[in-house]
Amino acid sequence: METTICPWCQTEIVWDEELGPEEECPHCHNELKGYRTINISLGRDEEFEDEENDHPFQDRKHRHDEDDEDGESYWEEEGEAHLGAVRRIEAFTASGGDWLKYETGVEKLLDGQDEVPECPHCREYMVYAGKQKLISPDGGFEAAIPAGSDRPLLPEEAELNVYVCSACFHVSRFLNEPARIAMIRTISGEEDNE
Numbered sequence: 001m002e003t004t005i006c007p008w009c010q011t012e013i014v015w016d017e018e019l020g021p022e023e024e025c026p027h028c029h030n031e032l033k034g035y036r037t038i039n040i041s042l043g044r045d046e047e048f049e050d051e052e053n054d055h056p057f058q059d060r061k062h063r064h065d066e067d068d069e070d071g072e073s074y075w076e077e078e079g080e081a082h083l084g085a086v087r088r089i090e091a092f093t094a095s096g097g098d099w100l101k102y103e104t105g106v107e108k109l110l111d112g113q114d115e116v117p118e119c120p121h122c123r124e125y126m127v128y129a130g131k132q133k134l135i136s137p138d139g140g141f142e143a144a145i146p147a148g149s150d151r152p153l154l155p156e157e158a159e160l161n162v163y164v165c166s167a168c169f170h171v172s173r174f175l176n177e178p179a180r181i182a183m184i185r186t187i188s189g190e191e192d193n194e
């Protein structure tokens with residue numbers, strides 16, 4: 001009796017010499033003879049020029065080649081967006097700051113928050129920084145009154161919760177819970193039951 005290892009599920013398959021090897025894994029039912037691999041190489045473009053010329057479809061032009069006029073790919077642009085955050089971290093640690101203590105402090109703050117939104121830029125969690133009145137005393141915001149309603153969409157006492165990203169320091173504002181409920185009631189036509 002001889003054995004084969006299924007490349008898909010790593011199950012050891014024992015097969016009889018008289019019947020020959022299995023064509024299909026009895027465990028995961030994947031084809032054993034048709035196992036294919038893909039080689040992905042990471043590196044500079046110069047290293048792969050010969051491979052590019054050997055490509056069977058080298059005469060076809062890809063759309064991304066046309067869109068990439070300035071020579072920067074999507075991935076390079078995304079990496080540059082995070083360089084500012086990396087530089088801030090390096091500046092903090094270079095000035096004697098302890099990055100581990102900062103991360104521990106951020107974790108403690110996040111654990112105490114009711115809401116933990118994600119940063120729209122870097123997808124890190126945001127720390128609650130405080131409240132801000134939506135309608136300021138100087139009259140910077142005028143609440144809209146929807147058609148067919150006698151109440152404004154947002155109440156005068158509406159406040160925003162202000163969050164700051166702990167990685168890239170982007171600031172986001174969201175309506176606080178009472179303002180959200182008031183807006184939902186206004187839109188749905190319900191009266192305040194407070």
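FYI, full-length UniProt numbering numbers position 99 of the sequence shown as 99, with every residue one higher than the one before it. For each residue, glycine too, the CB sits at the ideal point set by N, CA and C.
Just the C-alpha distance for residue i and residue j, rounded to the nearest angstrom, thanks.
{"i": "SER95", "j": "ARG88", "result": "11 Å"}
{"i": "residue 195", "j": "LEU175", "result": "There is simply no residue 195 to check, as the chain begins at 1 and stops at 194 in what is shown."}
{"i": "HIS170", "j": "LEU160", "result": "16 Å"}
{"i": "LEU42", "j": "LEU110", "result": "37 Å"}
{"i": "SER149", "j": "ALA182", "result": "14 Å"}
{"i": "GLU157", "j": "GLU124", "result": "30 Å"}
{"i": "ILE187", "j": "GLY140", "result": "23 Å"}
{"i": "ARG180", "j": "GLN113", "result": "18 Å"}
{"i": "CYS122", "j": "VAL116", "result": "14 Å"}
On a CA-only basis, which of the options is nearest residue i? Give me that one, please.
{"i": "PRO26", "options": "ILE5, VAL164, ILE184 and LYS108", "result": "ILE5"}
{"i": "TYR163", "options": "PRO120, GLY130 and ASP98", "result": "GLY130"}
{"i": "ILE184", "options": "GLU157, LEU153 and ALA158", "result": "LEU153"}
{"i": "GLU2", "options": "GLN10, GLU17 and THR11", "result": "GLU17"}
By DSSP, does residue i sit in helix, in strand, or in coil?
{"i": "THR3", "result": "strand"}
{"i": "residue 195", "result": "No statement about residue 195 is possible, as the shown extent of the chain runs from 1 to 194 and does not include it."}
{"i": "TRP15", "result": "strand"}
{"i": "LYS33", "result": "coil"}
{"i": "GLU107", "result": "helix"}
{"i": "GLU118", "result": "strand"}
Per DSSP, residue i is paired with what?
{"i": "CYS165", "result": "MET126"}
{"i": "PHE174", "result": "ASN161"}
{"i": "GLU24", "result": "GLU31"}
{"i": "LYS101", "result": "Answer by DSSP bridge pairing: none, since LYS101 is not bridged."}
Given residue i, which residues of its chain have a CB within under 7 Å of its CB, disregarding the five upstream and five downstream residues?
{"i": "VAL127", "result": "VAL106, LEU109, LEU110, TYR163, VAL164 and SER166"}
Could you pull out every residue in the same chain whose Cβ sits closer than 8 Å to the Cβ of residue i, ignoring the five residues on either side in sequence?
{"i": "TRP15", "result": "MET1, GLU2, THR3, THR4, PRO21 and GLU22"}
Please return the same chain residues whose Cβ sits closer than 6 Å to the Cβ of residue i, not counting the five positions on each side in sequence.
{"i": "ILE135", "result": "PHE141 and GLU156"}
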